[in-house]
Amino acid sequence: MTLLEFSRGPMLHAALVIFVLGVLWRLTSTVLAARRKNNAEPRVVGGPALSGGLIAVGSRSWPHPEFIPRTGFGEAVGYGYHLGLFAIVLLGAPHVVFWKNLFGINAPFWPTLPTGIISVLSVVTVFLMLIATLRRAAHPVLRRISNFDDWFTLAILYALMLTGIMAVFGIGGRYETILALHIISFNALLIWFPFGKLMHAFYIFPSRFVNGYMHTKKGAAS
Amino acid sequence: MSVRSPDSRPTIGQILDENGVGRRRFLKYCAGITALMAMPPGSTTAFAQQLRAARRPTIIYMPFQECTGCIESLTRSFAPTIESLIFDTVSLDYNHTLQAAAGHAAEAARLEAMEANWDNYVLICDGSIPVNDGGIYGASAGESFVHQLEHAAEGAAAIVAVGVCASYGGVGAAYPNPTGAKGVAEIIKNKPIINVPGCPPIPEVMTGTLVSFLASGVPALDKHLRPQAFFGNTIHDRCYRRRFYDRGLFAESFDDEGARNGWCLYKLGCRGPTTYNACATIKWNGGTSWPVESGHGCLGCSEPDFWDQGGFYEPVTSKLFRDTGQVAAGAAAGVAIGAASAIAANARKKKLAAKAEEEVSS
Amino acid sequence: MNTATQSFSASSDRLSPSQREERAMAAFAQEFGALAALNLESCIHCGICAEACHFYIATEDAKYTPILKAEPFKQAYRREASAFAPFFKLFGLKKKVTADQLEQWQELLYDSCNLCGRCSLICPMGIEVADLIESGRRSMAEAGLAPKELLDRARKQAESGAPEQPDKPYPELLNEIGQANGLEIPLDRAKAEILVLAPRNDLEGNPAAVAAMVKVLQAIGADFTFSSDALVAENYGYYAGSRGLQKKITQRVVDAARKVNAKLLLVPECGHSYTALRWQAANIIGEPLPFRVRHVTEYLAEQLKEGKLRLKQVSGDSFAFHDPCQLVRKGGVTEAPRALMNALGLELKEMENKKGFSFCCGGGGGVNDLERAKPLRYRAQELKLREIDDTGANRFVTSCSDCRVAFADAAEHFNWDKQPESLVELVAANIKE
Chain A
-16 MTLLEFSRGP
-6 MLHAALVIFV
4 LGVLWRLTST
14 VLAARRKNNA
24 EPRVVGGPAL
34 SGGLIAVGSR
44 SWPHPEFIPR
54 TGFGEAVGYG
64 YHLGLFAIVL
74 LGAPHVVFWK
84 NLFGINAPFW
94 PTLPTGIISV
104 LSVVTVFLML
114 IATLRRAAHP
124 VLRRISNFDD
134 WFTLAILYAL
144 MLTGIMAVFG
154 IGGRYETILA
164 LHIISFNALL
174 IWFPFGKLMH
184 AFYIFPSRFV
194 NGYMHTKKGA
204 AS
Chain B
146 MSVRSPDSRP
156 TIGQILDENG
166 VGRRRFLKYC
176 AGITALMAMP
186 PGSTTAFAQQ
196 LRAARRPTII
206 YMPFQECTGC
216 IESLTRSFAP
226 TIESLIFDTV
236 SLDYNHTLQA
246 AAGHAAEAAR
256 LEAMEANWDN
266 YVLICDGSIP
276 VNDGGIYGAS
286 AGESFVHQLE
296 HAAEGAAAIV
306 AVGVCASYGG
316 VGAAYPNPTG
326 AKGVAEIIKN
336 KPIINVPGCP
346 PIPEVMTGTL
356 VSFLASGVPA
366 LDKHLRPQAF
376 FGNTIHDRCY
386 RRRFYDRGLF
396 AESFDDEGAR
406 NGWCLYKLGC
416 RGPTTYNACA
426 TIKWNGGTSW
436 PVESGHGCLG
446 CSEPDFWDQG
456 GFYEPVTSKL
466 FRDTGQVAAG
476 AAAGVAIGAA
486 SAIAANARKK
496 KLAAKAEEEV
506 SS
Chain C
-17 MNTATQSFSA
-7 SSDRLSPSQR
3 EERAMAAFAQ
13 EFGALAALNL
23 ESCIHCGICA
33 EACHFYIATE
43 DAKYTPILKA
53 EPFKQAYRRE
63 ASAFAPFFKL
73 FGLKKKVTAD
83 QLEQWQELLY
93 DSCNLCGRCS
103 LICPMGIEVA
113 DLIESGRRSM
123 AEAGLAPKEL
133 LDRARKQAES
143 GAPEQPDKPY
153 PELLNEIGQA
163 NGLEIPLDRA
173 KAEILVLAPR
183 NDLEGNPAAV
193 AAMVKVLQAI
203 GADFTFSSDA
213 LVAENYGYYA
223 GSRGLQKKIT
233 QRVVDAARKV
243 NAKLLLVPEC
253 GHSYTALRWQ
263 AANIIGEPLP
273 FRVRHVTEYL
283 AEQLKEGKLR
293 LKQVSGDSFA
303 FHDPCQLVRK
313 GGVTEAPRAL
323 MNALGLELKE
333 MENKKGFSFC
343 CGGGGGVNDL
353 ERAKPLRYRA
363 QELKLREIDD
373 TGANRFVTSC
383 SDCRVAFADA
393 AEHFNWDKQP
403 ESLVELVAAN
413 IKE
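Right, dumping it as structure tokens:
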């Protein structure tokens, strides 16, 4: 079995099973943890409060104007590479056909961006990731609170991005080997996902919602 | 069929002179070959000299578990070529398909030819060699293919494995490989082997490799023992539709606007990116066309296990596993374990909280 | 920034380190649940919460990062109650929270946190960071590691109704205020629509504010009373982080309100008691309250809207308004004070960080009571005073007595040119008959 066959055969299969098992384990155990009823008389009830929660899911992505001077740079870099990653993963033609094949979905109107643009985006994304990494290593707050999870997750992302760039620009060796390493990096991401901070991809929704909901119930800023 | 002693074999140069091939025509031919193999411009003269001086080789061509497609490809020629001259007059001392003789006499003749040219003949093989159950799935004249190969390889100067089956097992080795089909290089370990894979290989690649071997021995090979001159680049890197790939213009089905406009066939399963062959440059049928140009994606037919890389219309990165409920089972297990862990955590919470001195209601 | 290690509360100097660890863990466990889990799991270590905290902004010291204050809680949760807790334990990936750690965290959870909630607003993941710090305080109190001042005052208040022995008993102080201002202050009436509380800060330090509140209530003909069972609004149990003591103090207030059949519990100019009574009381005693809870500015704004309160215009000066954290950011009483100021015709010059985004006065969360935290508090307050100056207003008003105490102290320290004024006093001084 070649490395490429292994990476998209048994390893991908195992990675998917671990991913699904781990994510659901972690989410279920959070959701089913003990709950307390809130007996306080709210200022805003029912529908509007729920809307407040739903709105917060989106609105927290943009910092309030009072916070922008101090957080603008960090947030811009962070959202920047997130947007880059989403665009590459969801709009890059080789990825689109991969998802369609993996999930067996037929979505004829899924648009794709030209490879040239994806290539440029990849380089920009890695550049932003580098800024974020250097920032994490240099900023006093980030140095104080960063742990293994933060660095290991970054390492996996770099492996993904760099092997992807190498594949697309045709550098670093035989294409099928680089492609295999790229898929292995993705498998590593899937396997690590449930155990680290990547879970924020799921937690962000209930967390922002609850924050917005509870604040809106009190009539407070959210 | 003639048997000559090694010393008195005519050279290629003599054969060409006998057949009236002039110097100019010959040099033009050599220039063509060296260009085809991307050799440096100044090498034509040396190549010509070496080829002229080469002795007409004895070739033993042994077919194994094959479909005869490789011989068919090799013998496709629309006009007499110098190769055909070389090979028609070459001592093709044994070839099932082409020879008229058959039966015990034919086998005896083969063995005689091998004896007479021991250590000097070129063994060309096509078809895979089945090894399971003592090799009974492939036999000829009462002898298994494995034995035949091993015996023939012993006296060979070099072996050329033509076609993807002889190179790595090919269609015979496709899952579940019931006959234990293998390529030559997986069985013979002590002779120089050149793989010329393809299903079938391009005729000019086969003949070009043979001519190059005659002139200057075993050429530079890649990790799959394929001549780098023909197998050094991927189809993707030489494809004339590459610009459409880069611009993101793909055919989504075989009769849509994209297909009719000749756009990239990546989404229709083209294996170009991971396939090393010369189809995009040399093309087929004397340079008429090739699969992509005809509107069908590359099948990757010169690569190992190309039959088992997922459906031909699935992407080159398609999943190579069949999920028979493992992912769903993982999901169910995740929920179940998560629930159990929540229950355990809640119980632990109660137990630990009971140690608090200050009374609270919740 | 090195604050001295604090002496621990007297009664639990007897606790050994392992006892402290066990009791802290018990308090953590009480806080575990779906909400805590969601908050603790969502953190991505982005460090943005630090940029909201005035202690970090003033000092640039990374140890004041809000989420770092919650670290012992996070550690305990991961080890005991998270999805993969057994593995964290088995492989020693998360150690037990030690008494040493807790001692180190005291200054982070008390001295350098006003529980102001600004961090909860900035977090891109929507984590309630301030709530996590409140949970952290609970373990400290349980382990006998809350600052002595706060825990002592909480105990006293739970026992007697007064956090510190006043010069005179509160009812007597109240009577004196009535006499000094020509007001008949209703105390211990059998039944009343409204039970009113007084800030002890004002009872002892600024009686005019109490008198003002009474004057306005009488002017609108409110049916109210004070109760000597529960006279003051503050809840030192909340500051100390002791659930039990917070509950005792709250229960006293709730019982007093029930006793007089009150329909409304009126919270005076005090911030944290609004949080403690409006948002936390029903949950801490375990059932919905049989009365509404409103802040005095909310109530007066209601009366204004219904036409029962009419105000004269104040002219000549411009005002800056400080939004008390517990009232506005955490309480939602954002528009009521502005309605009152509008009715007064005040020329209001809003701060750059206003309403739900205003910076804390620096004294909240019990920091007013911590002597050793003064140097740090002043550094944070410097930012706020400058911000108020930048509005160009020549007067300064707010609606929380704790804030007024904090600002008054800062004014003295910095030789500031303004004094904090009470909004209710302004209202009382300008009632249109």
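Protein chains in written order, with this note's numbering: chain A, -16 to 205; chain B, 146 to 507; chain C, -17 to 415. Just so it is clear, CB atoms sit at the ideal spot from N, CA and C, and this is done for glycine as well. Computed from a prediction, not measured in an experiment: that's the story for all the values here.
Would you mind sorting residue i into buried or exposed? The rule is 16 or more other CB atoms within 10 Å of its CB.
i, result
"Thr190 (chain B)", "exposed"
"Glu13 (chain C)", "buried"
"Ile488 (chain B)", "exposed"
"Ser434 (chain B)", "exposed"
"Thr419 (chain B)", "buried"
"Ala258 (chain C)", "buried"
"His36 (chain C)", "buried"
"Trp408 (chain B)", "buried"
"Phe176 (chain A)", "buried"
"Asp184 (chain C)", "buried"
"Gln416 (chain C)", "Residue 416 (chain C) is absent from the structure shown; chain C starts at -17 and stops at 415."
Closest to residue i by CA distance: which of the options is it?
i, options, result
"Asp170 (chain C)", "C:Phe208, C:Leu291 and C:Gln200", "C:Phe208"
"Ala128 (chain C)", "C:Leu84, C:Pro106, C:Tyr152 and C:Lys150", "C:Leu84"
"Met259 (chain B)", "B:Cys443, B:Ala404, B:Gly272 and B:Ile204", "B:Ile204"
"Ala95 (chain B)", "A:Met(-6), A:Pro48 and A:Val0", "No information on residue 95 (chain B) is available, as it lies outside the stretch 146 to 507 that chain B covers here."
"Leu173 (chain A)", "A:Ser105, A:Leu(-5), A:Met(-16) and A:Thr(-15)", "A:Leu(-5)"
"Leu196 (chain B)", "B:Phe171, B:Phe209, B:Pro208 and B:Gly187", "B:Phe171"
"Ile104 (chain C)", "A:Gly195, A:Ser12 and A:Lys201", "A:Gly195"
"Ala39 (chain A)", "C:Ile109, C:Asn335, C:Cys382 and C:Ala19", "C:Ile109"
"Ala490 (chain B)", "A:Phe178, A:Ala70, A:Ala16 and A:Glu159", "A:Ala16"
"Gly343 (chain B)", "B:Ile482, B:Pro155 and B:Cys424", "B:Cys424"
May I ask you to report which of helix, strand or coil DSSP gives residue i?
i, result
"His27 (chain C)", "coil"
"Lys172 (chain A)", "Contrary to the premise, residue 172 (chain A) reads as Leu rather than Lys in this sequence. Residue state, collapsed to three classes: helix."
"Met(-6) (chain A)", "helix"
"Val307 (chain B)", "strand"
"Cys215 (chain B)", "helix"
"Asn340 (chain B)", "strand"
"Pro402 (chain C)", "strand"
"His381 (chain B)", "helix"
"Tyr206 (chain B)", "strand"
"Leu169 (chain C)", "strand"
"Ala499 (chain B)", "coil"
"Arg103 (chain B)", "Since the displayed chain B opens at 146 and closes at 507, residue 103 (chain B) lies outside it and no answer follows."
"Phe399 (chain B)", "coil"
"Val379 (chain C)", "strand"
"Leu286 (chain C)", "helix"
"Ala224 (chain B)", "For Ala224 (chain B), the pLDDT reaches just 44, beneath the cut-off of 50, and the residue's location in the model is therefore unreliable, although a value from the coordinates is still provided. DSSP places Ala224 (chain B) in coil when its eight states are reduced to three."
Output, in chain order, the set of chain A residues within a Cβ distance shorter than 9 angstroms of residue i.
i, result
"Ser463 (chain B)", "Arg(-9), Val80, Phe81, Asn84 and Leu85"
"Tyr411 (chain B)", "Ala76, Pro77 and Val80"
Mind pulling the chain B residues with CB within less than 8 angstroms of residue i?
i, result
"Pro91 (chain A)", "Glu397"
What does residue i reach in chain B if we use C-beta pairs closer than 7 angstroms?
i, result
"Met7 (chain C)", "Leu497"
"Val72 (chain A)", "By Cβ distance, chain B contributes nothing, its closest Cβ being about 13 angstroms from Val72 (chain A), past 7 angstroms."
Run through chain B and tell me which residues come within less than 9 angstroms of residue i, C-beta to C-beta.
i, result
"Phe14 (chain C)", "Ala490, Asn491, Arg493, Lys494, Leu497 and Ala498"
"Leu(-5) (chain A)", "Lys464, Leu465 and Phe466"
"Ala238 (chain C)", "Result: empty, since nearest Cβ-Cβ is about 19 angstroms, beyond 9 angstroms."
What residues from chain C crowd round residue i, counting only those whose CB sits closer than 8 angstroms?
i, result
"Phe69 (chain A)", "Simply none; closest approach about 16 angstroms."
Can you name the residues of chain C whose CB is closer than 9 angstroms to the CB of residue i?
i, result
"Ile148 (chain A)", "Those do not exist, as Ile148 (chain A) stays about 25 angstroms from chain C at its closest Cβ, beyond 9 angstroms."
Applying a beta-carbon distance threshold of less than 7 angstroms, which residues of chain C neighbour residue i?
i, result
"Ala501 (chain B)", "Arg5, Ala8, Ala9, Gln12 and Glu124"
Mind pulling the chain A residues with CB within less than 8 angstroms of residue i?
i, result
"Ser392 (chain B)", "Note that residue 392 (chain B) is Arg in the sequence shown here, rather than Ser. Ordered by position in chain A, the residues that pass the 8 angstroms Cβ test against Arg392 (chain B) are Pro97, Thr98 and Gly99."
Problem set entry | Near-chain C residues of the region 455 to 486 of chain B (beta-carbon distance less than 8 angstroms), N- to C-terminal order | For the region 455 to 486 of chain B, which is checked against every Cβ of chain C, the residues closer than 8 angstroms are Gly483 and Ser486.
For this session: Can you give me, in chain order, the residues of the region 308 to 320 of chain B that have a beta carbon less than 8 angstroms from any beta carbon in chain A?
Result: Contacts with chain A (Cβ-Cβ distance below 8 angstroms) from the region 308 to 320 of chain B involve no residue at all.
Problem set entry | the region 419 to 453 of chain B: positions lying closer than 8 angstroms to chain A by Cβ | Those would be Thr419, Pro449, Asp450 and Asp453, in chain order.
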